[in-house]
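This note's numbering puts the first residue of the sequence shown at 1207, with every later residue one more than the last.
Cβ atoms here follow ideal geometry from the backbone N, Cα and C, with glycine treated the same way.
The next block holds one structure in the form of C-alpha coordinates; read it before the comments.
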Amino acid sequence: MKQHFTARSQFSPLLLQAVSLLCLVLLLLSNMAFGQNRTVKGKVTSADGAGFPGVNVILRGTTTGTSTTGAGEYTINIPNNDAVLIFSFVGFKSQEIKVGNQTEIEVLMVLS
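Here is the structure:
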(Lines of atoms letter the chains of each structure in order from A and count residues from 1; the text may use other names and numbers.)
(Lines give C-alpha, C1' and ligand atoms only; values in the text may rest on other atoms or scores of the structure.)
Protein backbone atom coordinates (compact mmCIF):
# COMPACT_ATOMS: atom_id res chain seq x y z
CA MET A 1 0.00 0.00 0.00
CA LYS A 2 1.34 3.44 -0.98
CA GLN A 3 1.49 6.27 1.48
CA HIS A 4 1.04 9.78 0.17
CA PHE A 5 3.01 12.66 1.63
CA THR A 6 1.27 16.00 1.83
CA ALA A 7 3.07 19.13 2.96
CA ARG A 8 -0.14 20.46 4.38
CA SER A 9 -0.36 17.79 7.02
CA GLN A 10 3.26 18.32 8.11
CA PHE A 11 3.30 22.09 8.79
CA SER A 12 0.93 24.06 10.93
CA PRO A 13 -0.27 27.48 9.72
CA LEU A 14 1.35 29.09 12.78
CA LEU A 15 4.77 27.65 11.85
CA LEU A 16 4.42 28.90 8.27
CA GLN A 17 3.54 32.39 9.52
CA ALA A 18 6.53 32.41 11.87
CA VAL A 19 8.92 31.34 9.10
CA SER A 20 7.45 33.95 6.73
CA LEU A 21 7.86 36.68 9.34
CA LEU A 22 11.46 35.63 10.01
CA CYS A 23 12.26 35.76 6.28
CA LEU A 24 10.75 39.23 6.00
CA VAL A 25 12.77 40.52 8.97
CA LEU A 26 16.01 39.07 7.56
CA LEU A 27 15.31 40.62 4.18
CA LEU A 28 14.75 44.05 5.73
CA LEU A 29 17.89 43.80 7.87
CA SER A 30 20.05 42.78 4.93
CA ASN A 31 18.67 45.70 2.93
CA MET A 32 19.61 48.07 5.74
CA ALA A 33 23.12 46.60 6.03
CA PHE A 34 23.85 46.77 2.31
CA GLY A 35 21.86 49.93 1.68
CA GLN A 36 24.40 52.18 3.40
CA ASN A 37 25.82 53.40 0.09
CA ARG A 38 24.83 56.86 -1.01
CA THR A 39 25.70 59.25 -3.78
CA VAL A 40 27.81 62.38 -3.49
CA LYS A 41 27.98 64.84 -6.35
CA GLY A 42 29.58 68.17 -6.97
CA LYS A 43 31.66 70.38 -9.20
CA VAL A 44 35.37 70.98 -9.43
CA THR A 45 36.46 74.43 -10.62
CA SER A 46 39.66 76.23 -11.47
CA ALA A 47 40.76 79.63 -10.14
CA ASP A 48 38.71 81.44 -12.81
CA GLY A 49 35.53 79.65 -11.69
CA ALA A 50 35.22 77.49 -14.79
CA GLY A 51 34.41 73.79 -14.52
CA PHE A 52 37.57 71.68 -14.42
CA PRO A 53 37.33 68.58 -16.66
CA GLY A 54 39.33 65.39 -16.12
CA VAL A 55 39.99 65.70 -12.37
CA ASN A 56 40.33 62.31 -10.68
CA VAL A 57 37.93 61.75 -7.78
CA ILE A 58 38.95 58.68 -5.77
CA LEU A 59 37.48 57.13 -2.64
CA ARG A 60 40.53 56.91 -0.32
CA GLY A 61 41.69 53.38 0.43
CA THR A 62 39.92 51.88 -2.58
CA THR A 63 40.14 51.70 -6.34
CA THR A 64 36.69 53.28 -6.64
CA GLY A 65 36.73 56.54 -8.50
CA THR A 66 35.55 58.71 -11.32
CA SER A 67 36.64 61.72 -13.37
CA THR A 68 34.94 65.05 -13.73
CA THR A 69 32.97 65.76 -16.89
CA GLY A 70 33.73 68.52 -19.38
CA ALA A 71 31.77 70.86 -17.11
CA GLY A 72 33.76 69.77 -14.03
CA GLU A 73 30.88 67.78 -12.51
CA TYR A 74 31.18 64.39 -10.83
CA THR A 75 29.04 61.77 -9.09
CA ILE A 76 30.42 59.00 -6.88
CA ASN A 77 28.93 56.39 -4.54
CA ILE A 78 30.36 56.26 -1.03
CA PRO A 79 29.90 53.53 1.60
CA ASN A 80 29.40 55.73 4.68
CA ASN A 81 29.95 59.16 6.26
CA ASP A 82 33.58 58.32 7.13
CA ALA A 83 34.50 58.29 3.44
CA VAL A 84 37.27 60.59 2.23
CA LEU A 85 37.44 61.76 -1.38
CA ILE A 86 40.77 62.59 -3.03
CA PHE A 87 40.69 65.13 -5.87
CA SER A 88 43.81 65.15 -8.05
CA PHE A 89 45.11 66.46 -11.34
CA VAL A 90 48.67 66.70 -12.63
CA GLY A 91 50.25 70.06 -11.73
CA PHE A 92 47.63 70.82 -9.07
CA LYS A 93 47.57 70.16 -5.32
CA SER A 94 45.70 67.02 -4.37
CA GLN A 95 42.90 67.62 -1.90
CA GLU A 96 41.41 65.16 0.57
CA ILE A 97 37.92 65.98 1.80
CA LYS A 98 35.99 64.02 4.43
CA VAL A 99 32.43 63.58 3.21
CA GLY A 100 30.59 63.43 6.53
CA ASN A 101 26.89 64.10 5.92
CA GLN A 102 27.46 66.27 2.82
CA THR A 103 25.64 65.30 -0.37
CA GLU A 104 27.33 67.93 -2.56
CA ILE A 105 30.98 68.90 -2.43
CA GLU A 106 32.44 71.79 -4.43
CA VAL A 107 36.22 71.83 -4.89
CA LEU A 108 38.58 74.58 -6.10
CA MET A 109 41.76 73.19 -7.66
CA VAL A 110 44.93 75.15 -6.85
CA LEU A 111 48.23 75.03 -8.74
CA SER A 112 51.02 73.24 -6.90
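Start-to-end residues for the beta strand (DSSP E) that takes in residue i
i	result
N1283	1279-1284
Q1301	1301-1304
S1294	1290-1294
N1262	1262-1265
V1246	1244-1251
V1313	1310-1314
Proximity to residue i [Cα-Cα], best of the options
i	options	result
V1250	N1243, G1306, K1299	K1299
R1266	Q1308, G1297, L1291	L1291
G1297	Y1280, T1309, T1274, V1316	V1316
Pairwise C-alpha distance: residue j and residue i
i	j	result
T1269	N1262	11 Å
K1304	S1318	21 Å
I1311	E1302	11 Å
F1295	A1289	20 Å
T1309	N1243	12 Å
P1285	S1273	18 Å
F1293	I1264	7 Å
C-beta atoms of residue i and residue j nearer than 9 Å
i	j	result
G1278	P1259	yes
T1245	N1283	yes
L1314	A1253	yes
Y1280	G1248	yes
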